[in-house]
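Here the sequence shown stands for residues 78 to 496, numbered as in the numbering used here.
The beta-carbon is built from N, C-alpha and C at its ideal position, and this holds for glycine as well.
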Amino acid sequence: MTLALVPEPVRIDLPALALVALVGASASGKSTFAARQFQPDEVLRVEDFQRAGEADAALDNLYTAAAQRLAQGKLTVIEANLVRPADRRRLVELARAHDVAPVAIVFDLARSLLEARLAARECCPELLDLTSQVAELRRTRRGLPQEGFRQVWTLDSPQAADSAQVRRIPLPVDRRELCGPFDFIGDVHGCLDELRELLTCLGYRVTDDGAVPPPGRTAVFLGDLVDRGPYSAGTLRLVMNMVAAGAALCVPGNHDEKLRRALGGRAVKPLHGLDVTLAQLEAAGADFQAQVQAFYGSLSSHLVLDSGRVVAAHGGLPQRYQGRDSERARHFALYGDVNGRSDAAGLPLRRDWAAEYRGDALVVYGHTPVRQPRWLNRTVDIDTGCAFGGALSALRYPELEVVSVPACAQYAVPGRPLG
């Protein structure tokens, strides 16, 4: 007796925030799948919008409804044939406009099965142009990644569709389950002695290569660990060990990003102390350099914490990017609100995004050095310019208490006066 092999179920790991396209010809099972795997309000069916009139108007209304959901940070599922690249292109553009990933679940079933299903419904395959739908899907489905879809899953049988396992995976930036209490620490810039003193003031037990937090507390480093100050390699070792031990979280800054690129062999200008940092890492050895590169590669652009009540981002982050894992969100979190223009000193001009911030979450950031922590709307800048002779500051959350230690020396000259 020959035993039939049971195929492994398709595992679909959906980003928890995404635009999901259900792609397939008529009668391929998209509606049944959507009803089984998603909540009714998450699914937008083109048929539900055809009451408004012609097909083009129905699609316009569908995309308007999808845009509203995506703007609210809600997973959105589009159920339509979408067998043509021209139909899918608008979905990719919509996802990009809202800084979410476009993903596709493709239903590629045999045409004979689709014809039988339509016949059972007393539908006419010729009227539905089933042959051309199937042919167009087969012709173009392998090009979905090139069209811009981040992930593509293909279900090629009713059994595959019925047994598919859908899981929703939180984006790396979404750490809402972590409720603190937190100690947000501003730009360290290699000021290792000041960091040790600050951690001690916060109640951490500082060791040779790390620090143990008070019970329940977690440090959150806001990036720019390196350059300008004297001990970038030591700062990296301390922070990396804290993160590895679960005592700290960290987001990258623009100086960290530049170091990551340099370690990866990219051509970067060794300015603003990067040359000293690279020399220290070279002295520390290849293994440590690889650890640093892997550490930076593991960091998320920003972190949404405490059920969305607080956001950590090096350069700040407006509400429209919070919880979004896109290139635009990452660029803003690293560099702030810049447009490529520079001032007379050659430094990037940064718009004051915090002045227009109206979000509900408290955004804790650094990047722009200030003499005192700057509170504006629901934001606070705690980069108090330690490397420039100012102070290294931390924000205790939820207490909203600032703790600062003065710099031991002025290690670098600021390009412009501290704000």
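F365 carries a helical assignment under DSSP once its states are collapsed to helix, strand and coil. Exclusion of the five residues before and after L255 leaves L382 as the residues of its chain whose Cβ lies within less than 6 Å of its Cβ.
For E156, the uninterrupted beta strand (DSSP E) segment begins and ends at 153-156. Assigned with DSSP and collapsed to three states, H266 falls in coil, not helix or strand.
Nearest C-alpha to L168 among D429, D118, D304, A143: A143. C278 counts as exposed, since fewer than 16 other C-beta atoms from the protein chains shown sit within 10 angstroms of its C-beta.
For Q236, the enclosing alpha helix (DSSP H) begins and ends at 235-240. Bounds of the beta strand (DSSP E) holding A468 are 468-474. By the neighbour-count criterion, in which a residue is buried when 16 or more other Cβ atoms sit within 10 angstroms of its Cβ, I182 is buried.
The three-state secondary structure of V457, taken from DSSP, is strand. In the three-state DSSP reduction, E254 falls in the coil class, being neither helix nor strand.
Around the C-beta of L477, fewer than 16 other C-beta atoms lie within 10 Å, and the residue is accordingly described as exposed. At a Cβ-Cβ threshold of 8 Å, F409 and G392 count as neighbours.
When rounded, the separation of the alpha-carbon atoms in A187 and A197 is 16 Å. In the displayed model, E478 falls within a strand according to three-state DSSP. Straight-line measurement puts the Cα of A148 at about 12 Å from the Cα of R173. Short of 6 Å from the beta carbon of G306, and not among the five residues preceding or following it, lie these beta carbons of its own chain, in chain order: H266, G267, C268, A464, Y488. Residues of the same chain with a CB within less than 6 Å of the CB of P292, apart from the 5 flanking positions on each side, do not exist. Here DSSP, grouped into helix, strand and coil, assigns T295 to strand.
Taking V320 as the centre and dropping the five residues before and after it, the same chain places the C-beta of C327 closer than 6 Å to its C-beta, in chain order.
Using a Cβ-Cβ distance cut-off of 8 Å, the region 87-95 and the region 232-241 are in contact, since at least three pairs of beta carbons, one from each stretch, lie closer than that value. If you look at H408, you'll find it in the alpha helix (DSSP H) that goes 404-412. Residue state for P162 is assigned as helix, using DSSP reduced to three classes. Counted as a single uninterrupted DSSP element, the alpha helix (DSSP H) harbouring P222 occupies residues 221-224. According to DSSP, residue pairing for F110 in a beta bridge does not occur. The residue among L469, G385, S481, S403 with its C-alpha nearest the C-alpha of G257 is G385. V415 and Q210 have their alpha carbons spaced roughly 46 Å apart. With distances taken between CA atoms, L313 lies nearest to L336 out of L336, R294, T295. R244 carries a strand assignment under DSSP once its states are collapsed to helix, strand and coil. Taking 8 Å as the cut-off, the beta carbon of T461 is found closer than this to the beta carbon of S481. By the neighbour-count criterion, in which 16 or more other beta carbons inside 10 Å mark a residue as buried, S309 falls on the buried side.
Taken through DSSP and simplified to helix, strand or coil, G436 comes out as coil. Note that the region 98-107 touches the region 151-166; at least 3 beta-carbon pairs, one per stretch, sit closer than 8 Å. By the Cβ-count criterion, I246 is exposed, with fewer than 16 other Cβ atoms from all chains shown falling within 10 Å of its own Cβ.
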